[in-house]
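There are 2 protein chains.
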Amino acid sequence: MQGTPPPQPRTAAVYPPTGRTVPTRSPGRAAYDRELVHAILDEGYVCHLGFVRDGAPVVLPTLYARVGERLYVHGSTGSRPLRAAGRADAGLPVCLTVTHVDGLVLARSAFHHSVNYRSVVVHGLAHDVTDPEEKRRALDALVDHVVPGRAADSRPADRKELAATAVIRLDLEEVSAKLRTGGVNDEPEDLALPHWAGVLPLRKGYDAPLPDPGLAPGTALPSYLAAL
Amino acid sequence: MQGTPPPQPRTAAVYPPTGRTVPTRSPGRAAYDRELVHAILDEGYVCHLGFVRDGAPVVLPTLYARVGERLYVHGSTGSRPLRAAGRADAGLPVCLTVTHVDGLVLARSAFHHSVNYRSVVVHGLAHDVTDPEEKRRALDALVDHVVPGRAADSRPADRKELAATAVIRLDLEEVSAKLRTGGVNDEPEDLALPHWAGVLPLRKGYDAPLPDPGLAPGTALPSYLAAL
Chain V
1 MQGTPPPQPR TAAVYPPTGR TVPTRSPGRA AYDRELVHAI LDEGYVCHLG FVRDGAPVVL
61 PTLYARVGER LYVHGSTGSR PLRAAGRADA GLPVCLTVTH VDGLVLARSA FHHSVNYRSV
121 VVHGLAHDVT DPEEKRRALD ALVDHVVPGR AADSRPADRK ELAATAVIRL DLEEVSAKLR
181 TGGVNDEPED LALPHWAGVL PLRKGYDAPL PDPGLAPGTA LPSYLAAL
Chain R
1 MQGTPPPQPR TAAVYPPTGR TVPTRSPGRA AYDRELVHAI LDEGYVCHLG FVRDGAPVVL
61 PTLYARVGER LYVHGSTGSR PLRAAGRADA GLPVCLTVTH VDGLVLARSA FHHSVNYRSV
121 VVHGLAHDVT DPEEKRRALD ALVDHVVPGR AADSRPADRK ELAATAVIRL DLEEVSAKLR
181 TGGVNDEPED LALPHWAGVL PLRKGYDAPL PDPGLAPGTA LPSYLAAL
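These protein sequences, in sequence, are chains V and R.
For the first sequence, position 68 (counting from the first letter as 1) is numbered 68 according to UniProt numbering, and the numbering increases by one without interruption.
For the second sequence, position 18 (counting from the first letter as 1) is numbered 18 according to UniProt numbering, and the numbering increases by one without interruption.
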């Protein structure tokens, strides 16, 4: 949005960097590769959505889903950012950030302690989704983004539930990924220090499912959940 | 910051709610209990920090630590929010959000799908930490917040590393927690549907540590890491 990037076809392999997607520090950790961005977004389902209210920032955790080059966020029609997006004809300026922490990097020096992570930051204008078909597809995508295959194995939203749910969309145009991977980067003169150094990988995945006590008799755990 | 809350001693059991810490929806999920807020903050180490740049929101993942009623965030002296906080005499308006996802709530209806989570949102003004002693304590706290006991078992920052690191502080004054716990809340008429329903708890913790290949001979895994 700062300066005018040249027009790019949607199929370009990278998101064109802009003034606000090029970091001032560690530029080597920034990436604009479309497939990498998609992979990071698709691995998660909770984002942190930032917007401005009365001149001050607000950051809220919320679910999201990606459909092609578009992200969707949903919530109650009464929630503040969703109402604000609905009122803003030009769209609501937002920043949507997704972060995966992969490991703790413990160096011999306090200064070189770090975290292995992969994050995506999306800047743009969020728009209220008013088309009923797009809204329904977005809600299915939100359920399937958390548990692939789940939307088809649940009772779809009825008219009243659809009316109580607001959906906003954010196009993937001004996007960057940032990553830190690998091991410890200590100073050469610190290598002989007696401190343990290495990486602590975070555990991922799920513990055993806890069935609702009122399950209809004979309801088995579906394969798409057993696979998680 | 909206309206003037009555003065409260720092030892009050709750953070006084304000206009922006009372949610417009699901107010029953909001909490202001100081001990609960501290527990949520102390369990994590990655926050999402929001600030406003050129009128638009920016949300970045970063490490934080709590020391009493104060949060600290650090970064390169070249990073944008840290530079902005240093320039702003009155402090930089920020929103710092910490979220733990505890489980997926799979209901029989798409509408009642949810996520069990605990989050804390802190609004306030971030200030550059200029006192060298406070800065050093904050950096120790940042290391110990990720791995308790680690600060004492690593080489402390030297003068050059301290000079390259900026630290900002944010007082815990305008704070709220939000939680969703428990099981599935389906509509009574959906209970007989044949869809599996229940909670998928997220796995927590760490996988086996990966030692740096260049560890000094005889360096054992310290007990504070084995305990994780």
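All residues carry an ideal CB built from backbone N, CA and C; glycine is no exception.
Query - Residues of the stretch 183-198 of chain V whose Cβ lies closer than 7 Å to any Cβ of chain R, in chain order - result: Those residues of the stretch 183-198 of chain V that come within reach of chain R (Cβ to Cβ, closer than 7 Å) are GLY183, VAL184, ASP190, LEU191, ALA192, LEU193, PRO194, HIS195, TRP196, ALA197, GLY198.
**Report entry** Entirely enclosed beta strand (DSSP E) segments - the stretch 41-112 of chain R, minimum 3 residues
**Finding:** Runs found: 46-53, 56-67, 70-76, 92-106.
**Report entry** Identified DSSP bridge partners for ARG169/R
**Finding:** Numbered from 1 along the second sequence, position 169 holds the residue referred to as residue 169/R. Under DSSP, ARG169/R takes part in a beta bridge, and its partners are TYR72/R, HIS127/R.
**Report entry** Proximal chain V residues relative to GLY78/R, where beta-carbon distance stays under 7 Å
**Finding:** As a working mapping, residue 78/R is identified with position 78 in the second sequence. Within chain V, the residues near GLY78/R are THR24, ARG25.
Query raised in the report: GLY28/V by DSSP, collapsed to three states: which one?
Result: One-based indexing of the first sequence puts residue 28/V at position 28. In the structure shown, GLY28/V falls within a helical segment according to DSSP collapsed to helix, strand and coil.
Requested in this report: Kindly indicate which three-state DSSP category GLU187/R falls into: helix, strand or coil?
Outcome: Within the second sequence, residue 187/R is the residue found at index 187, counting from 1. Coil, per DSSP.
Query raised in the report: Would the stretch 192-202 of chain V and the stretch 160-180 of chain R be scored as touching if the rule is three or more Cβ pairs under 8 Å?
Result: no
Query raised in the report: At a cut of 8 Å, does the stretch 136-153 of chain V reach the stretch 106-117 of chain V through at least three beta carbon pairs?
Result: no
Query raised in the report: CA-CA distance, ARG29/V and GLY214/R?
Result: Taking the first sequence and counting its residues from 1, the one referred to as residue 29/V is at position 29. Taking the second sequence and counting its residues from 1, the one referred to as residue 214/R is at position 214. Distance between the alpha carbons of ARG29/V and GLY214/R is about 24 Å.
**Report entry** Proximal residues to THR108/R (C-beta, below 6 Å), its chain only, five neighbours per side dropped
**Finding:** Indexing the second sequence from 1 puts residue 108/R at position 108. Correcting the residue type first, residue 108/R is Arg in the shown sequence and not Thr. Within the same chain, ARG108/R has close Cβ partners ASP186, ASP190, LEU193, HIS195, ALA197.
Query raised in the report: Would you report the Cα separation of LEU210/V and GLU161/R, rounded to the nearest angstrom?
Result: On the first sequence, residue 210/V is found 210 positions in, with the first residue counted as 1. On the second sequence, residue 161/R is found 161 positions in, with the first residue counted as 1. LEU210/V and GLU161/R: Cα-Cα distance of roughly 48 Å.
Report task. Compare the C-alpha of THR77/R against each of ALA85/R, ARG70/R, VAL46/R and name the closest. Result -> Start at 1 with the first residue of the second sequence, and residue 77/R comes out as number 77. Ranking the options by Cα distance to THR77/R, first place goes to ALA85/R.
Requested in this report: Sort ARG34/R, LEU82/R, LEU228/R by Cα distance to LEU125/R and report the nearest one.
Outcome: On the second sequence, residue 125/R is found 125 positions in, with the first residue counted as 1. Of all alpha-carbon atoms in ARG34/R, LEU82/R, LEU228/R, the one lying nearest the alpha-carbon of LEU125/R is that of LEU82/R.
Report task. Kindly identify the DSSP beta-bridge partner or partners of LEU179/R. Result -> Taking the second sequence and counting its residues from 1, the one referred to as residue 179/R is at position 179. LEU179/R pairs with ARG118/R.
Query raised in the report: Taking all protein chains shown into account, do 16 or more other C-beta atoms lie within 10 angstroms of the C-beta of LEU228/R, making it buried, or fewer, making it exposed?
Result: Here the question's residue 228/R lines up with position 228 in the second sequence. Classification of LEU228/R: exposed, given that the 10 Å Cβ count is below 16.
Query raised in the report: For the stretch 126-151 of chain V, which residues have a beta carbon sitting closer than 7 Å to at least one beta carbon of chain R?
Result: LEU139, VAL143, VAL146, VAL147, ARG150, ALA151
**Report entry** Endpoints, the beta strand (DSSP E) within which PRO201/V is located
**Finding:** Start at 1 with the first residue of the first sequence, and residue 201/V comes out as number 201. Where PRO201/V is concerned, the enclosing beta strand (DSSP E) stretches over 198-201.
Query raised in the report: Which bits of chain V does TYR15/R rub up against, with CB to CB less than 8 Å?
Result: Stepping through the second sequence from its first residue, residue 15/R is reached at position 15. Simply none; closest approach about 17 Å.
Requested in this report: Using a threshold of 8 Å, state whether the C-beta atoms of HIS123/V and THR97/R are closer than that.
Outcome: One-based indexing of the first sequence puts residue 123/V at position 123. One-based indexing of the second sequence puts residue 97/R at position 97. No, these two residues do not count as a Cβ contact at 8 Å.
Query raised in the report: Going along the chain, which residues of its own chain have a beta-carbon closer than 8 Å to the beta-carbon of PRO217/R, five neighbours each way excluded?
Result: Here residue 217/R refers to the residue found at position 217 of the second sequence. If we look at PRO217/R and ignore the five residues flanking it on each side, it has no Cβ neighbours.
Report task. Please list the residues of the stretch 200-220 of chain R that have a C-beta atom closer than 9 Å to any C-beta atom in chain V, keeping them in chain order. Result -> LEU200, PRO201, LEU202, ARG203, LYS204, GLY205, TYR206, ASP207, ALA208, PRO209, LEU210, PRO211, ASP212, PRO213, GLY214, LEU215, ALA216, GLY218, THR219, ALA220
Query raised in the report: From LEU225/V, TYR224/V, LEU179/V, pick the residue whose C-alpha is nearest to that of PRO27/V; which is it?
Result: In the first sequence, counting from the first residue as 1, residue 27/V sits at position 27. The option with the nearest alpha carbon to PRO27/V is LEU179/V.
Query - Euclidean distance between Cα positions of GLY205/R and ARG203/V - result: Taking the second sequence and counting its residues from 1, one reaches residue 205/R at position 205. Taking the first sequence and counting its residues from 1, one reaches residue 203/V at position 203. Near 6 Å, if we compare the C-alpha coordinates of ARG203/V and GLY205/R.
Requested in this report: Helix, strand or coil for residue 244/V, going by three-state DSSP, please let me know.
Outcome: In the structure as shown, chain V starts at 1 and stops at 228, and residue 244/V therefore has no counterpart that could be examined.
Query raised in the report: Of the residues THR24/R, PRO23/R, VAL146/R, GLY91/R, which one's Cα is nearest the Cα of LEU41/R?
Result: Against the second sequence, residue 41/R aligns to sequence position 41. Among THR24/R, PRO23/R, VAL146/R, GLY91/R, the Cα nearest to that of LEU41/R is on VAL146/R.
Report task. Report yes if the CB atom of LEU142/R is closer than 8 Å to the CB atom of HIS74/R, and no otherwise. Result -> The sequence position of residue 142/R within the second sequence is 142, counting from 1. The sequence position of residue 74/R within the second sequence is 74, counting from 1. Yes, Cβ-Cβ distance for LEU142/R and HIS74/R is below 8 Å.
Query raised in the report: So with Cβ pairs under 8 Å, would you call VAL67/V a contact of chain R?
Result: The residue you call residue 67/V lines up with position 67 of the first sequence. It does not; no Cβ of chain R falls within 8 Å.
Query raised in the report: Which chain V residues sit within Cβ distance under 8 Å of PRO81/R?
Result: As a first step, residue 81/R is located in the second sequence; it is residue number 81 there, counting from the start. Chain V residues near PRO81/R: none, gap ~10 Å exceeds 8 Å.
Query raised in the report: Between PRO188/R, VAL184/R, PRO148/R, ASP212/R, which lies nearest to GLU43/R when the distance is taken from Cα to Cα?
Result: By 1-based counting over the second sequence, the position of residue 43/R is 43. The candidate whose alpha carbon is nearest that of GLU43/R is PRO148/R.
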